[in-house]
Every structure is written in structure tokens, then in C-alpha cells.
Amino acid sequence: MTPSSARPNGCCTPFCEAGGVRELSLYWKVCLTNGAVFVVGALALALSPARVSEQVLASEAVVLTAGLVLMLVVNGALLRLSLAPVDRVIRAMATVDLAHPGARLEQPSSGPGARLVEGWNDLLDRIEAERAAGGARALAAQEAERHRIAQELHDEVGQSLTVVLLGLKRAEDQVPPDLPEIAEGLALVRESARAGLDDVRRVARRLRPGVLEDLGLHSALAALASDFAALDRGHLTRTTSPGLPPLSSDAELVVYRVAQEALTNVARHAAAREVALSLTRVGETVVLEVRDDGRGVAELRPGSGVLGMRERASLVGGELTIESAPGQGTTVRLVVPT
1 MTPSSARPNG CCTPFCEAGG VRELSLYWKV CLTNGAVFVV GALALALSPA
51 RVSEQVLASE AVVLTAGLVL MLVVNGALLR LSLAPVDRVI RAMATVDLAH
101 PGARLEQPSS GPGARLVEGW NDLLDRIEAE RAAGGARALA AQEAERHRIA
151 QELHDEVGQS LTVVLLGLKR AEDQVPPDLP EIAEGLALVR ESARAGLDDV
201 RRVARRLRPG VLEDLGLHSA LAALASDFAA LDRGHLTRTT SPGLPPLSSD
251 AELVVYRVAQ EALTNVARHA AAREVALSLT RVGETVVLEV RDDGRGVAEL
301 RPGSGVLGMR ERASLVGGEL TIESAPGQGT TVRLVVPT
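Spelled out as C-alpha cells, the structure:
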């Protein structure tokens, strides 16, 4: 439903535009439905041989009661036919979950309820489209900011630490032989600076996956596996099926970021002994799976990391599922269409 075809709320005229066709508004349809039922009831009483005495007899009371019940039943059935879609839209409003897009109400064939359902479905289409576009812009800005921070860490902090290392090495070489304790102290400081430089480089590499841009997804996942192995937080097994179909650059970035976040969560929280990272093809999809045998959780509470993974997956039409149970580990599964 485009803005040009949208009707103002509370249309006060008997006819309202709907897709170029003038149709009765819901208010007037309810009025006419009730009026038609009452007119038919009045005609039936007027034309039938039944008459009401000055003192209503029992038989006449039965006829009047039956007629009233019939009118109420017919009126209720007609109103239900017109207003049932309204109740469906109200229930959908209370249960809609934008984190799982795609749910739509079945479109009635005609009537004011059909226009309401059509408007609700169109509204969801616009909300999901705007949400996806906003999410894409936010993630693009996030990646740009990651790139900027990584560049500054590499060019400024990394070079400064390199200068410090060279200066410490020069000072260590100039220490007189009779002052070994000073030389040892300088050596310790130099090793701390070297460790700090390694940390800066590792953080910059995590912020900007240069290996993904230069060598592709397979090499980027291999680098993630190497970084995880260096943390000594469990034995990692990596499996990649041969002949995987090519993915777009956005899809590859989503797969990489989901794998990165999943492995980070394993290293921080899982206390796992065995971790499996796999990238396989299933039909017309590519499936990333990160599985561990760690402590698991009884109830998954989505934090910023999980929500970020879900949003990234939705941007490329993918689906993210997380299964976890206490003592049975956690499985993160991302399905991306090719």
C-alpha cells in the first residue's frame, strides 16, 4: 500500500478509496449490516400472520424470542465475517517479532478486513525493509570504524612501540658489564613492550580481517583457528568442504564475523576441551557451524554479541540458530543461501 493510496484514519464519508476502487468504510458496513438485519426482521413481523396481542400470549412470546435470537445470530455471523480480520491483526500486533521477519497474515479475498490485513502486511514489509537498511548502514559504519581503529593501532601505537623496543635494545647494549641487574631490568621491560606490540597487532588483525580481503574466506577461517589455538582454550578441529560455491563479499564478511564471535565466546565462557569449526555446503546453502563440548547454558540470554550475529545473518538472508544445554556444550549454526 503506497502513501498515495493510504486512507486517513477514521474516514468519515460513506465511501473510501481502496486501490482506486470506492468501497464502503468499515463503519458504514457495520451500520448497513445491522440495518439490513433489522429491516428484514421488521418485514418478517409485518408480513407474517403472527400478531401480538395487547397482553402477550405465551405462543407470541416464543415467536418474538425466536425472532430476536435469529436476528442476533444472523447479525453476529455477518459482523464476524467482516470483523474477524480485525481481531487477527490485533493479535498479530501483540505477537509480532521483528527479530524473525517474514511472518504475514493470510490475505482475505474481499471486504474491509481484507484492506486492513493488506495494510498490516505492507506495514511489516516497510518496517522490515527499513530495519534491514538501517542495520546494513549501521554494520557498514561499524566495519568502517573497525578499519579506522585498526589502522591507527597499526600506524601509530604499533610504530611507537617499535621505537620503544629499539630504544630499549640500544640502552640495553650500552649498559656496562658491571651492572647486570640494570641490563636484566631493561630486558624485562623490552619483552613487556614486545608482548604489548604483539597484542596491538592481534587486536588490529581482529578488527580488520585483512586476510579475508587478501586471501579469501578459507584462509581467514584458518587464521581464526590459529588464533584460537594460541589461546590454549581447547583443541580445535577445522573442517572445510571442497568445492564450496562462491559467496558475496558481504556474505563472506558475515560468515567470518559470526565465526569470530562464536570462537570468542567459546574462549571466554565455555571451558571446552573440544571445539569444531566447519564450513560445508548443504543443498543451495553454505553452513557454518561452531560446536563445543563446554559447560553450556540452560537458557540462552541474547547479549550484544548474539544480537549482532543475528542481525548480520539477516542482512544476507541467512538464519542463525544457537543450541545449548548444561554440560552438553553449545552449537552455533549459520545458514547462508548461495
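For the sequence shown, the UniProt record's numbering gives the first residue as 1, with consecutive numbering after it.
All residues carry an ideal CB built from backbone N, CA and C; glycine is no exception.
Go ahead and pull the three-state DSSP assignment for residue i.
| i | result |
| --- | --- |
| V335 | strand |
| L98 | coil |
| V297 | coil |
| D178 | coil |
| V249 | At residue 249 the sequence reads Ser, which differs from the Val that was named. Helix. |
| A272 | coil |
| P85 | helix |
| S109 | coil |
| D232 | coil |
| V21 | With a pLDDT of 42 at V21, under the threshold of 50, the predicted position of this residue should be treated as unreliable, and no value is reported. |
| G303 | coil |
| R126 | helix |
| L244 | coil |
| R104 | coil |
| G119 | helix |
| R146 | helix |
| R208 | coil |
| G216 | coil |
| N9 | At N9, the pLDDT of 45 sits below 50, so the modelled position is not reliable; the number obtained from the coordinates is stated separately. Three-state result, N9: coil. |
Would you decide whether residue i is buried or exposed? Buried here means 16 or more other CB atoms lie within 10 Å of its CB.
| i | result |
| --- | --- |
| S314 | buried |
| G283 | exposed |
| Q260 | buried |
| G329 | buried |
| M309 | buried |
| L320 | buried |
| L307 | exposed |
| F38 | exposed |
| G76 | exposed |
| E274 | exposed |
| G35 | exposed |
| A204 | buried |
| residue 353 | Because residue 353 is not part of the residues shown, which for the chain are 1 to 338, the question remains open. |
| V286 | buried |
| A212 | In the sequence on display, residue 212 carries Leu and not Ala. By the 10 Å Cβ count, L212 comes out buried. |
| L32 | exposed |
| L334 | buried |
Among the options, which residue has its Cα nearest to the Cα of residue i?
| i | options | result |
| --- | --- | --- |
| R295 | A129, L166 and P326 | P326 |
| E184 | A195, L197 and L168 | L168 |
| V117 | L153, E274 and P85 | P85 |
| L253 | V266, T338, L165 and E143 | E143 |
| A132 | D155, G67 and G102 | G102 |
| L70 | A42, R91, L83 and V96 | A42 |
| E128 | L98, L207, R208 and L68 | L98 |
| S226 | R206, D178 and L124 | R206 |
| R312 | G67, R137, S109 and A66 | R137 |
| S248 | T338, R170, L79 and G303 | T338 |
| K29 | V73, P180, G318 and L78 | L78 |
| L68 | V40, L81, L334 and A92 | V40 |
| T95 | S82, L124, S109 and A114 | L124 |
| D292 | E299, N265 and P176 | N265 |
Since residue i sits in a beta bridge, which residues does DSSP pair it with?
| i | result |
| --- | --- |
| S324 | T330 |
| residue 339 | Nothing in the structure corresponds to residue 339, since the chain is present only between 1 and 338. |
| V282 | T285 |
| E319 | V335 |
Tell whether a beta-carbon distance below 9 Å holds between residue i and residue j.
| i | j | result |
| --- | --- | --- |
| V332 | I322 | yes |
| L236 | V255 | no |
| V258 | L288 | yes |
| L217 | R238 | no |
| R126 | L105 | no |
| L161 | G196 | yes |
| L263 | V290 | yes |
| R201 | L165 | no |
| A187 | E172 | yes |
| G305 | A267 | no |
| G243 | R281 | yes |
| A251 | V163 | no |
| R146 | R80 | no |
| L83 | G113 | yes |
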